[in-house]
Amino acid sequence: MIHTIIAKRISYHQLGFLFFLCALIGCGGSNSGLTKYDYSGTVTFNGKPIPIGYISFEPDSVPGPGSMAKIIEGRYETPTGKGLLGGPYKILISGFEGSGNPEALGDGAPIFVDYHLIMTLPEKSTTQNFEITSADIK
């Protein structure tokens, strides 16, 4: 029974990210002419790279594009050409254990789900690392 609940939770979570990604693709194309910046970096949990996860960026108080990237072995990179404008963003990060098999479906058991923060991103392409601890997860 517990495995079924976890499987459904992960499936609903992944489905939510899919809808979010579709919304970003649909909304991101109307910002032509604006300078967009690429972000990449690492994401760790208690000092260890997150095996698999997702990071999304949504403008907080200004209009502009959002973006999403998959975290693989603790590293992420926003899609080239679909970068961000810089400024205040809501950031959502989720981490999973990974399946242990690169060809297997699913992301494995959740390490943590939906870690939220708001930060101002620089107006230049740069590396932005995130260090999350157990104390950060509520």
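Quick note: to get this note's numbering, add 18 to the position in the sequence shown (first position is 1). For every residue, glycine included, the Cβ atom is placed at its ideal position computed from N, Cα and C.
Extent of the continuous beta strand (DSSP E) to which residue i belongs
i	result
Ser74	70-77
Val80	From DSSP, Val80 is part of no beta strand (DSSP E); its letter is neither H nor E.
Ser58	57-63
Lys108	105-114
Lys88	85-90
Coil, strand or helix - residue i by DSSP
i	result
Asp154	helix
Thr140	Per the sequence shown, the amino acid found at residue 140 is Pro instead of Thr. Three-state result, Pro140: coil.
Asp132	strand
Pro97	coil
Lys54	coil
Thr145	strand
Selection from the options that minimises the alpha carbon distance to residue i
i	options	result
Thr60	Ser152, Ala87, Gly82, Glu76	Ala87
Val131	Phe63, Gln146, Lys100, Gly105	Phe63
Pro195	Thr151, Lys156, Ile155	Not covered by the structure: residue 195. The range shown for the chain is 19 to 156.
Ile70	Tyr94, Ile155, Ser79	Tyr94
Thr98	Ser79, Ser143, Asn147	Ser143
Ile111	Ile89, Ser117, Lys100, Gly101	Ile89
Nearest-angstrom beta carbon gap, residue j and residue i [assumed within contact, 8 Å]
i	j	result
Tyr107	Pro77	6 Å
Glu115	Gly126	4 Å
Leu103	Leu135	That belief does not hold up - the Cβ atoms of Leu103 and Leu135 are roughly 18 Å apart, past 8 Å.
Glu141	Tyr57	Not quite, the Cβ-Cβ distance comes to about 11 Å (not below 8 Å), so this is no contact.
Ile155	Met137	Actually they do not touch by this definition, with Cβ atoms about 17 Å apart.
beta-carbon residue i near the ligand ZN non-hydrogen atom, thresh 6 Å
i	result
Ala153	This structure does not include the ligand ZN; it has no bound ligands of any sort.
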